[in-house]
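Peer 1:
Residue numbers (my numbering): 35 to 252.
#1: If I follow the unbroken beta strand (DSSP E) through residue 59, where does it start and stop?
#2: Who does residue 180 pair with in a DSSP beta bridge?
#3: Does the Cβ-Cβ distance between residue 147 and residue 181 come in under 8 Å?
#4: Considering just the uninterrupted stretch of the alpha helix (DSSP H) at residue 225, what are its terminal residues?
#5: First and last residue of the alpha helix (DSSP H) that includes residue 116?
#6: Which same chain residues, not among the five before or five after residue 164, have their C-beta less than 7 Å away from its C-beta?
#7: In the DSSP assignment, find the beta strand (DSSP E) that holds residue 168 and state where it starts and stops.
#8: Write down the C-beta distance between residue 190 and residue 73 rounded to the nearest angstrom, noting that I regard them as a contact closer than 8 Å.
#9: Please confirm whether residue 125 and residue 116 have their CB atoms less than 8 Å apart.
#10: Could you tell me whether the Cβ atoms of residue 87 and residue 143 are closer together than 8 Å?
#11: Looking only at its chain, what residues have a beta carbon closer than 7 Å to the beta carbon of residue 238, apart from the 5 residues adjacent to it on each side?
#12: When you compare each of 175, 224, 229, 231 to residue 243 by their alpha carbons, which one comes out closest?
#13: Out of curiosity, what's the CA-to-CA distance linking residue 248 and residue 200?
#14: Would DSSP call residue 105 helix, strand or coil?
#15: For the putative contact between residue 215 and residue 153, defined by C-beta atoms under 8 Å, what is the C-beta separation to the nearest angstrom?
#16: Which class does residue 82 belong to by DSSP, given the choice of helix, strand or coil?
#17: So what does residue 161 bridge to, in DSSP terms?
#18: Kindly indicate the opening and closing residues of the alpha helix (DSSP H) around residue 200.
#19: Could you tell me how far apart the beta carbons of residue 228 and residue 183 are, in whole angstroms, since I believe they sit closer than 8 Å?
In structure tokens, the structure reads:
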């Protein structure tokens, strides 16, 4: 499913900088990261926000301290490393706890993303921003074009059970915790309904990237 016509011409929200930023968003198991990596294979710079967030937490004493104060020290090992699976099992079971964690991490994370995007401000190579909470954090305003990846609930559950070794209940709980993401992806410039093969999704990413680069160059 594509929200807009395939032609991307005239849809860009150009910013003052000359960098062209493509935002890729979507919920767990939809195929967002696969799509973003396929664009990176075409030559784009890739900013993986999950990896960025992990590094931020690992390197920030302030964030670690806030997590310990809010949730307890039991989520860190002897080397002061966060056990993300253990904390995730807690916060994804309670929306209020997830919101509390987001309030700790998001301010520093959004600033870091802005800094990273600024580093590419004079690049003529497109930057792909792979971020599930693109709209929730306001980072969509950094993008010239946003693509959302979506898929049926049952397919997403199956993918998460296979890729992360979660139970069906765990996968469903994680997906249900992302209701705001599912609502916000309707705001994207283009929505890709990922119900085919991995190869089909990667091919779609290549086609759209080529069209975007062509339109950006005109």
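From the three backbone atoms N, C-alpha and C, an ideal C-beta is built for every residue, glycine too.
Note that the coordinates shown come from a computational prediction; the quantities given were computed from them, not determined experimentally.
Peer 2: In short, the structure shows the following:
#1: 55-59
#2: 57
#3: no
#4: Here residue 225 belongs to no alpha helix (DSSP H); instead the beta strand (DSSP E) covers 224-227.
#5: That residue, residue 116, is in no alpha helix (DSSP H); it is neither H nor E in DSSP.
#6: 58, 66, 67, 70, 80, 81, 82, 83
#7: From DSSP, residue 168 is part of no beta strand (DSSP E); its letter is neither H nor E.
#8: Rounded, the Cβ-Cβ distance is 21 Å, inconsistent with contact.
#9: no
#10: yes
#11: 226
#12: 224
#13: 41 Å
#14: helix
#15: Not quite, the Cβ-Cβ distance comes to about 26 Å (not below 8 Å), so this is no contact.
#16: strand
#17: 55, 79
#18: Here residue 200 belongs to no alpha helix (DSSP H), and DSSP marks it neither H nor E.
#19: 5 Å
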